[in-house]
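Notes follow the structure.
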Amino acid sequence: MSKNQLEEATKKAAREEKERIARIAERQKLYNNLEFDESGKPDEVVLEKVVLDFDPESKEPLIQVDRGLVKKLKPHQANGIKFMWDACFESVKRIKKDRGSGCILAHCMGLGKTLQVVSLTHTLLTHSDLTTVNRVLVVCPLSTVLNWVNEFKMWLKHSETDYEVDVYELSRYKQNSERAFQLQQWLQHGGVCVLGYEMFRNLSADNSKKFKKKMLKNFQEALVDPGPDLVVCDEGHLLKNEKTSLSQSMNRVRTRRRIVLTGTPLQNNLKEYYCMVQFVKPNLLGKYNEYLNRFVNPITNGQYTDSTEHDIRIMKRRSHVLHKMLDGAVQRRDYGVLAPFLPPKHEYVLFITLTEVQIKLYQFYLDNYSRRPLPGKSSGFLFPDFQSLQRIWTHPLVLKYNSERYEIMQQKKREREEEEDSEGSLIDFIDDDSTPEESTTDESSEDLSDASDDSRKKSKKKKSQKKKGKESKMTTRRGTRANPVELDDDEANNEVVEIKAENPTEWWIKLVTDDELEDMRNSHKLVLLFDILRQCEAIGDKLLVFSQSLYSLDLIEHFLGKVDEATQEGRIDEKLAGHVGSWSPGIDYFRLDGSTSCENRSIWCKNFNREDNPRARLFLISTRAGGLGINLVAANRVVIFDVSWNPSHDVQSIFRVYRFGQKKPCYIYRFLAMGTMEEKIYERQVTKQAISKRVIDEQQIDRHYAENDLAELYKFEARPPVPRPLPPLPKDRLFAEMLKEHEAQIYKYHEHDSLLENKEEETLSEEERKAAWEDFENEKNRPPPAPFPTAWPMHNGMVPGLLAQQQQQLAYAALAAMLRKDMPNINDNTIRDMLPHIYNSNPALMQKISDIYKFAPPGGMMNPALMNPVMNAGESILL
């Protein structure tokens, strides 16, 4: 795109950011102790002071962090505080001149982002005469609100100053009038306010009809305009879509001083990354289409094993340019910073085989039920198929759980319809002239979501709110081929029995017996989990188990109960693989999901972390509900029972144990159902994480996997090749024993971090970095290619100007055809980017290609025998 096409705001934002970074660099020269060495050994690191601003002439500090807090900081945390100050405020002098801007503190989980914000906030408030900051707003997930309040209390007690920071927390107040009062107190007297995202969205709405005019005005003043002087968004990757009401609400806040905290800044793709940057540095990356063409497409195209050398070269260059552009707005620290302070971490990916029962069920579903849209829909089969297949590779009993839940939902639907029918009959009886309105009910989905969120909590709230009437005299029964309905004499005489159609989720019922449903051995994942539990108990290690499926957590609890029951009765059950042990909920293990209250979450975590409580040795956690805001360093082993579509969910799970406070080596086991859709999802995870590393850490990651299409997800490799490869000896002794004992269940493994090692040999040289910027600037400055005509005129009698123009267009078309032939996977955006560069860099070649025009037939180049139609350049080049 030419500069003329760029928005003026984009150019201004880029210019201002460049000038700001230059000013900071100059100040670093004046006062060279503003950066802290992060490479020293833990026992060698002693911080004496953290100065944020100083007098240029006397070099005396103007603003510095409280010495009591400094004693608690690690070097990377001191640098993080300095980074946030530079990005949002820069200096006392600049505070008086402009409104400031924002930044993203992208430190991985466990690096103490909360302490950094607490220290910065305390510093700003204690120097409010210079910083003009009186109010700080922290917006976070509801599950972490109390944690933020506790962190402020815990760290600020180490402060050496007498200044007391007031912390306002609104979740305890249920009435909007109480909330309005608290916000007015905060607005007038200052301090810190901690709000959940959902409450912020509701209270900051400027058109809400729920509030009276005065209350609405109070909420707007406190939260939006003038609002806070600084806003901090914890888990800021939740702002990944600027079209959501949450993102729109946050963007309405008047202050430009915005800090986003995230341990996983690249949640799903580069497009979502744009939204976070746009929130803290509006227009820095340009309009979305500019960002798409300049960065997203070239970086993504060079990410796969089948990418061409040209794609890979462009990808590396654009990754470098994007990384450097955001250097002043994003500070990334990965868990490499943790390494000197923590014991080692080993992360293993286990490729686990399916049992014969699972193979039979999986193949049957693929052959008979997969790729079928839901009732009433013409598309959308992938997610329901994934859920059904996930139940199979987890354990066949999960299929039964889903069918039972379906039946409960159907019964509720029938009861609701009967109530509506009864109400209609009553209306008819009272007024026989009335015409009853037709009522429609939504089709129930055949496939029921078992995702690990608070869906069950919501479903409880959605239970019929009408008063239940007398029980219906009609008995509804479900008949299946396996269980036909039989009526006894009393039923036949006294009741009308409605025989319902088969439950569509019971497709599996003739393929598996009841004994097989209750046999732990019909899931190798379950067998391995219980073996890890047994060995952890023997050596005194505690274990976390994460799953994105509530059904999976139900399954594990079910077999824990059966093991406990067998142990109490003093018997060994073969169907439980011989496992014994005491497993009482709330004593031996805990479960945390979306229905867990904040209070119970806090109490259970404290009990689990107690060193004098070895009996509490297992925590079952839903990935989405428990992946944020909890600290469980008493555990040092983690099982990720199933792979999430979103890699950040799994990463967040790991950092519940691998964080400051951990005293033991950490071992993470990722369970993969080998040959299934789950393995393909994991492959995509690695690709996403590689993109994240390239842009944010600027590391060169192996391009591990080719770009898979939909068919690849459904490819099923039932039985792995034989013989099984001899696995390398792992550093984890427990896992080594498992490999010996479970050769048939664990086909292979690898260490996960090895996939994401930095490839030093691929790092760009200084000359290549310079070329990357030249290429980027040339693209911005070069004029756009002439648009392709929608129809090609005859060349006979064409005026010279049009003739030259058509020659150039023909050359572009021929070049595009050549590129497609050499690089079948290339996309239209990349072609459009490459064409002007090739055209301008090799005039001799282009002349030869242009000569093709001379041999065009009288019918013109629209002859289908020569080429396909060429669309306008504004759309895409299709050949």
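Under full-length UniProt numbering, the first residue of the sequence shown carries the number 1, and numbering increases by one thereafter. The beta carbon of each residue, even a glycine, is placed where N, CA and C say it ideally should be.
Local Cβ density within 10 Å of residue i, reported as buried at 16 or more and exposed below that
| i | result |
| --- | --- |
| S549 | buried |
| I587 | exposed |
| D612 | exposed |
| G336 | exposed |
| D541 | buried |
| K71 | exposed |
| D367 | exposed |
| A538 | exposed |
| F546 | buried |
| F279 | buried |
Beta-carbon proximity check, residue i vs residue j, cutoff 9 Å
| i | j | result |
| --- | --- | --- |
| D53 | L130 | yes |
| L628 | L544 | no |
| Y682 | F735 | no |
| L230 | T255 | yes |
| K393 | L354 | Note that residue 393 is Trp in the sequence shown, not Lys. Yes, these two residues count as a Cβ contact at 9 Å. |
| M325 | I299 | no |
| C108 | G100 | no |
| S403 | E506 | yes |
| G675 | R719 | yes |
| G190 | R135 | yes |
| L397 | L361 | no |
| R318 | F776 | yes |
| W508 | Y406 | no |
| V512 | V296 | no |
| Y163 | L125 | yes |
| L239 | S245 | no |
| A329 | C605 | no |
| L528 | H750 | no |
| L69 | L156 | yes |
| S653 | T623 | yes |
| K243 | C666 | no |
| L672 | H320 | no |
| D531 | M738 | yes |
Other residues of its chain near residue i: CB distance less than 6 Å, five sequence neighbours each side excluded
| i | result |
| --- | --- |
| K462 | Interpretation of K462 is limited by its pLDDT of 41, a score under 50 that renders its predicted location unreliable; no figure is taken from the coordinates. |
| D650 | I640 and S644 |
| E574 | none |
| G469 | Because the pLDDT at G469 is just 41, under 50, the model does not fix this residue reliably, and the value given afterwards should be weighed accordingly. Counting only Cβ-Cβ distances below 6 Å, and skipping sequence neighbours, we find nothing. |
| T123 | V65 |
| L183 | A222 |
One or two residues paired with residue i in a DSSP bridge
| i | result |
| --- | --- |
| Q64 | V51 |
| Q331 | L105 |
| G191 | R135 |
| R670 | V349 and I640 |
| C233 | V139 and V260 |
| S119 | Looking at the DSSP assignment, S119 forms no beta bridge with any residue, so it has no partner. |
| I572 | DSSP lists no partner for I572. |
| residue 952 | With the chain covering 1 to 879 only, the question about residue 952 has no answer from this structure. |
| E751 | Y348 |
Own chain, CB closer than 8 Å to residue i, minus 5 neighbours either side, in chain order
| i | result |
| --- | --- |
| K12 | N283 |
| A9 | P282 and N283 |
| S249 | F200, R201, S204 and A205 |
7 Å Cβ shell around residue i - same chain, five flanking residues per side excluded
| i | result |
| --- | --- |
| H310 | none |
| L62 | D53, F54, D55, V92 and L130 |
| H395 | N522, S523, L526 and L555 |
| I312 | G302 |
| P226 | R254 |
| Q220 | D206 |
| D753 | E347 |
| N176 | F211 and M215 |
For residue j and residue i, believed in contact at Cβ under 8 Å, the rounded distance
| i | j | result |
| --- | --- | --- |
| A625 | F608 | With 8 Å as the limit, A625 and F608 do not qualify as a contact, their Cβ atoms being about 16 Å apart. |
| V253 | M276 | Not quite, the Cβ-Cβ distance comes to about 15 Å (not below 8 Å), so this is no contact. |
| M677 | F386 | 6 Å |
| F152 | V167 | 5 Å |
| G112 | K74 | 7 Å |
| L553 | Y589 | About 11 Å separates the two Cβ atoms, so there is no contact after all. |
| L47 | A78 | 6 Å |
| I621 | L592 | 5 Å |
Residue i CB to nearest heavy atom of the ligand ATP below 8 Å
| i | result |
| --- | --- |
| I621 | As for the ligand ATP, it is missing from this structure, which has no ligand bound. |
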